[in-house]
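Visitor: Under this note's numbering, the first residue of the sequence shown is numbered 559, with each subsequent residue one higher.
Cβ coordinates follow ideal geometry from the N, Cα and C atoms, glycine included.
Shown below is the structure under consideration.
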Amino acid sequence: MFHSISYHKFFSTLFLISIFIVQLSDVQAQEMIIDKKSQAKPQLQHATKYYEDVVINDYWVSEKLDGVRGYWTGDKLLTRKGNNLNPPTWFIEHWPKMAMGGELWSDRGQFEQISACVRRKKSNGSCWKKLKLMLFDLPHQPGDFNHRISLMKQVVKNSNSPHLAMIEQKKVVSNSDLLAWLTEVVEDKGEGLMLHLATAKYNMGRSKNLLKLKKYQDAEAVVIAHLPGKGKYNGLLGAIKVKTPEGIIFKIGSGFTDLQREHPPKIGSVITYKYIGKTQRGVPRFASFLRIRNTH
559 MFHSISYHKF
569 FSTLFLISIF
579 IVQLSDVQAQ
589 EMIIDKKSQA
599 KPQLQHATKY
609 YEDVVINDYW
619 VSEKLDGVRG
629 YWTGDKLLTR
639 KGNNLNPPTW
649 FIEHWPKMAM
659 GGELWSDRGQ
669 FEQISACVRR
679 KKSNGSCWKK
689 LKLMLFDLPH
699 QPGDFNHRIS
709 LMKQVVKNSN
719 SPHLAMIEQK
729 KVVSNSDLLA
739 WLTEVVEDKG
749 EGLMLHLATA
759 KYNMGRSKNL
769 LKLKKYQDAE
779 AVVIAHLPGK
789 GKYNGLLGAI
799 KVKTPEGIIF
809 KIGSGFTDLQ
819 REHPPKIGSV
829 ITYKYIGKTQ
839 RGVPRFASFL
849 RIRNTH
């Protein structure tokens, strides 16, 4: 009898301990989920499209750099979606303990190389030597954009960092001068221009205080098929067939490098393309491949 009671108590105690461990594991799992969710993406200001009746003298204008958007929290470098980047220690040395928004950039037409560099979780850091964080705003600083320009200049000067710079902000006299500058930038393989309302405070989300101006429009679509090339592209990609979020299906056969024709965007991947207007059926005109969408 003594042994049967002891065994009964033993197994009862073991059962209670098991329940406790399971409950503890559930709590820990919930805490992990909460911690993961708490790493929210930065609350950034996003641009709207330029419209011709803006009073151009009210804006500062800068080139729209074709890089990877970077957000410096004061001690960490994040993507626009809040993912941690892993720059070498020397890259962020002497950076200020304040939030800064900018573009990780090296030169025009280098988006693929920049994106590949910053996506690497393990690297000897050699590709970062070519990059800079080009500042275009200070999200948490009070005052209008005129004031924040002065602050950015001071931040860059005080940091004395070779990997921290500021995008040049200029005043433009007229809309015709603005469009002439845009043509010059695009012909030199640039992407476009950005217009910052001089008297505006930093506003989170989509804002009319920040405008983007491009010669071409751009959009995204899903790759649904690869079409074989002919002639000089025999044995390579000729075009991709894509589908827009609206359900429009069309082909894109230009904009690819020879390497991209050898290794085309995977079926199911999302690509960004540029175009000039649309047909009556809604098909983008003169569509050309730009890049595989950056998922960071």
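Restricting to Cα atoms, I'd like to know which of N642, K773, N641, M658 is closest to S717.
Guide: Answer by Cα proximity: M658.
Visitor: Does the segment 732 to 745 come close enough to the segment 697 to 709 that 3 or more CB-CB pairs lie under 8 angstroms?
Guide: Between the segment 697 to 709 and the segment 732 to 745, the count of Cβ pairs shorter than 8 angstroms is below three; the stretches do not touch.
Visitor: Count the other CB atoms within 10 Å of the CB of H821; is the residue buried (16 or more) or exposed (fewer)?
Guide: exposed
Visitor: If you follow the beta strand (DSSP E) that V828 is in, where does it begin and where does it stop?
Guide: Bounds of the beta strand (DSSP E) holding V828 are 828 to 833.
Visitor: Compute the Euclidean distance between the alpha carbons of K729 and T757, then round it to the nearest angstrom.
Guide: When only Cα atoms are considered, K729 and T757 end up about 13 angstroms apart.
Visitor: By DSSP, does K770 sit in helix, in strand, or in coil?
Guide: strand
Visitor: Determine the direct distance from the alpha carbon of K599 to that of N767, and round the result to whole angstroms.
Guide: 21 angstroms
Visitor: Within the same chain, show all residues whose beta-carbon is closer than 6 angstroms to that of I707, passing over the 5 residues directly before and after it, in chain order.
Guide: Q727
Visitor: Taking only the alpha-carbon atoms, compute the straight-line gap between K679 and V828 and give it to the nearest angstrom.
Guide: 22 angstroms
Visitor: Could you pull out every residue in the same chain whose Cβ sits closer than 6 angstroms to the Cβ of L689, ignoring the five residues on either side in sequence?
Guide: Around L689: L662, S664.
Visitor: If we cut at 8 angstroms on Cβ distances, does L643 have a partner in chain D?
Guide: Among the chains of the structure shown, chain D does not appear; only one protein chain is present.
Visitor: Going by DSSP in three states, L635 sits in which element: helix, strand or coil?
Guide: strand
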